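Participant: Structure incoming, see below.
Numbering (the working numbering), first residue to last: 275 to 440.
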């Protein structure tokens, strides 16, 4: 029997309850889940790579029944997946728009490395509208984000918004 490694990539800026749902469920599909924290400059990250890695490590520490590693990367996803020995990429889907984008991305990734399959997990219905980009936007305008992130992440986002304004 082989050791099945899956990769769940993202910017996690910040990590949301939706991300945590996919992590918990994705971890059940593989023997080891590698959470790949990457940078997408087009998304104007609120937190540095190291800060986001630390956030994700702290948040997933409470998932005790799974083998989860958090690794930063700045390369093509398929190269990263290969480097950690992954056979599967796990992607969360919130709706049709996500699916269309992910479908195209998966096709391109298969051309780059057909040894790695992609598995789509539908977000929990209650968590489908959550997006890190929207969480940051709500926080920037003083809105309450506690329904979308854990209390610790909420405090960090609120503090970062205050620091950036001051």
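Ideal Cβ placement from N, Cα and C applies to all residues, glycine included.
In this text the structure is predicted, and so the values were computed from the model without any measurement.
Per DSSP, which residues does residue 283 bridge with? Please list them.
Facilitator: What you label residue 283 is simply residue 9 of the chain shown in a count that begins at 1. Residue 283 is bridged to 310.
Participant: Based on the DSSP output, what are the partners of residue 276 in its beta bridges?
Facilitator: Against the chain shown, residue 276 aligns to sequence position 2. Answer by DSSP bridge pairing: none, since residue 276 is not bridged.
Participant: Buried or exposed, going by whether 16 or more other CB atoms sit within 10 Å of the CB of residue 450?
Facilitator: With the chain running from 275 to 440 in the structure shown, residue 450 is simply not present.
Participant: Look at the Cβ atom of residue 422, then the Cβ atom of residue 290, and state whether they are nearer than 8 Å.
Facilitator: Residue 422 sits at position 148 when you count from the first residue of the chain shown. Residue 290 sits at position 16 when you count from the first residue of the chain shown. Result yes, Cβ atoms of residue 422 and residue 290 sit closer than 8 Å.
Participant: Can you tell which of 311, 336, 427 and 279 has the C-alpha that lies nearest to the C-alpha of residue 303?
Facilitator: Working through the chain shown from its first residue, we reach residue 303 at position 29. Comparing C-alpha distances from residue 303 to each of 311, 336, 427 and 279 shows the shortest one belongs to 279.
Participant: Pull up the distance between the alpha-carbon of residue 333 and that of residue 389, whole angstroms please.
Facilitator: Position 59 of the chain shown, counting from 1, holds the residue named residue 333. Position 115 of the chain shown, counting from 1, holds the residue named residue 389. Approximately 30 Å, taken between the alpha carbons.
Participant: Let me check understanding here. Comparing Cα to Cα, which of 284, 295, 277 and 285 lies closest to residue 400?
Facilitator: Numbered from 1 along the chain shown, position 126 holds the residue referred to as residue 400. Of the listed residues, the one whose Cα sits closest to residue 400 is 295.
Participant: Grab the span of the alpha helix (DSSP H) containing residue 334 for me, first residue to last.
Facilitator: Against the chain shown, residue 334 aligns to sequence position 60. Start and end: 323-334.
Participant: Are the CB atoms of residue 345 and residue 308 within a distance shorter than 8 Å?
Facilitator: By 1-based counting over the chain shown, the position of residue 308 is 34. By 1-based counting over the chain shown, the position of residue 345 is 71. The answer is yes: Cβ separation under 8 Å.
Participant: Let me check understanding here. Comparing Cα to Cα, which of 371, 316 and 312 lies closest to residue 324?
Facilitator: Locating residue 324 in the chain shown gives position 50, counting from the first residue. Selected option, being the one with the closest Cα: 312.
Participant: Considering only residues of the segment 368-397, which uninterrupted beta strand (DSSP E) runs meet the minimum length of 3 residues and lie entirely inside it, listed in chain order?
Facilitator: 391-396
Participant: To which residues does DSSP link residue 343 through a beta bridge?
Facilitator: What you label residue 343 is simply residue 69 of the chain shown in a count that begins at 1. Residue 343 pairs with 308.
Participant: Taking the alpha carbon of residue 284 as the point to measure from, which residue in 405, 438 and 436 has its own alpha carbon closest?
Facilitator: In the chain shown, residue 284 corresponds to position 10, counting from 1. The residue with the shortest Cα to Cα distance from residue 284 is 405.
Participant: Can you tell me which of 315, 392, 310 and 379 puts its alpha carbon nearest to the alpha carbon of residue 354?
Facilitator: Looking up residue 354 in the chain shown gives position 80. Among 315, 392, 310 and 379, the Cα nearest to that of residue 354 belongs to 310.
Participant: Using the beta-carbon count (16 or more within 10 Å), is residue 374 buried or exposed?
Facilitator: Your numbering for residue 374 matches position 100 in the chain shown. Looking at its Cβ environment, which holds fewer than 16 other Cβ atoms inside 10 Å, residue 374 is exposed.
Participant: Answer yes or no: do residue 327 and residue 297 have a C-beta to C-beta separation smaller than 8 Å?
Facilitator: Numbered from its first residue, the chain shown carries residue 327 at position 53. Numbered from its first residue, the chain shown carries residue 297 at position 23. Against a cut-off of 8 Å, the Cβ pair of residue 297 and residue 327 comes out as no contact.
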